[in-house]
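Sequence lines, in order, name chains E and X.
Note that my numbering gives residue 69 to position 69 of the first sequence, counting from 1, and the numbers run on in steps of one.
Note that my numbering gives residue 1037 to position 37 of the second sequence, counting from 1, and the numbers run on in steps of one.
See structure below.
2 protein chains.
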Amino acid sequence: MHIVHVHIRVKPEYVDQFIEATLDNVRNSNQEPGNVRFDFFQEIEDPTKFVLTEIYRTPEDADRHKETAHYLRWRERVGEMMAEQRYGIKYRSLYPDEADWK
Amino acid sequence: MHIVHVHIRVKPEYVDQFIEATLDNVRNSNQEPGNVRFDFFQEIEDPTKFVLTEIYRTPEDADRHKETAHYLRWRERVGEMMAEQRYGIKYRSLYPDEADWK
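In structure tokens:
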């Protein structure tokens, strides 16, 4: 299992456009055959901050995600919206056990 | 939906004990009637860092979690293992839509 939390902070004036562009990416990413989950959360205390919780079956499935039309379209659209460089943190799952992921 | 990511860093000598104590809490938390998800991840780059991804149907369900025997046992056991104060970040879900959570 390949788990990444991508942390994003956008310029305040782009919050609505960022959400719209990201929903397009997230809906399509959830349809990828190697995807397990791809959730999209907004911080309550600071609505300019977001996290994408991406879970793919294998690292290769995550690599393929970065070649899809929806990811490339998203990356192009949101580039100027970033308030700082986004970053991902990789995790291993201790619970659920890797075999039990749905 | 009530979503919190709890970020934890433990003292290196306690990593194994922390995992054991937390698995007990996480397994029981997943059985609570108001719980939707309660995952437990370890950072790949720094194995002393963890995140608990807690999703409850309502804030009241999350409050009840903090009154359970398994949570209180966990809090007691892990107190001395913390390398720094743990903190939670609250989120709203943009995807899946709040109505679609399973």
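Virtual Cβ for every residue (Gly too), placed ideally from N, Cα, C.
Small disclaimer: the values here were computed from a predicted structure and weren't measured.
- In the DSSP assignment, E:Ser93 is bridged to X:Phe1041.
- For X:Ile1008, the nearest beta carbon of chain E is not closer than 8 Å to its own beta carbon.
- With 16 or more neighbouring CB atoms inside 10 Å of its own CB, X:Ala1062 falls in the buried class.
- From the beta-carbon of X:Glu1084, no residue of chain E is found nearer than 9 Å; the closest lies around 17 Å away.
- In the DSSP assignment, E:Val4 falls within the unbroken beta strand (DSSP E) covering 2-9.
- Under the Cβ criterion of 8 Å, E:Glu98 is not counted among the residues facing chain X.
- DSSP places X:Gly1079 within a helical segment (H, G or I) once states are collapsed to three.
- Neighbourhood of X:Phe1018 in chain E, by CB distance below 8 Å: empty, with the nearest CB roughly 10 Å away.
- X:Lys1049 is the residue among X:Phe1040, X:Lys1049, X:Ile1044 whose C-alpha sits nearest the C-alpha of X:Val1015.
- Linking E:Lys66 to E:Val51 through their CA atoms gives a straight-line distance of about 17 Å.
- Here X:Thr1053 carries a strand assignment [DSSP, helix/strand/coil].
- The beta carbons of E:His7 and E:Tyr56 sit about 18 Å from each other, so the pair does not count as a contact at 8 Å.
- Between the C-alpha atoms of E:Trp74 and E:Glu54 there is a straight-line separation of about 15 Å.
- Below the 8 Å Cβ cutoff, chain X contributes Glu1043, Ile1044, Glu1045 as neighbours of E:Lys90, in chain order.
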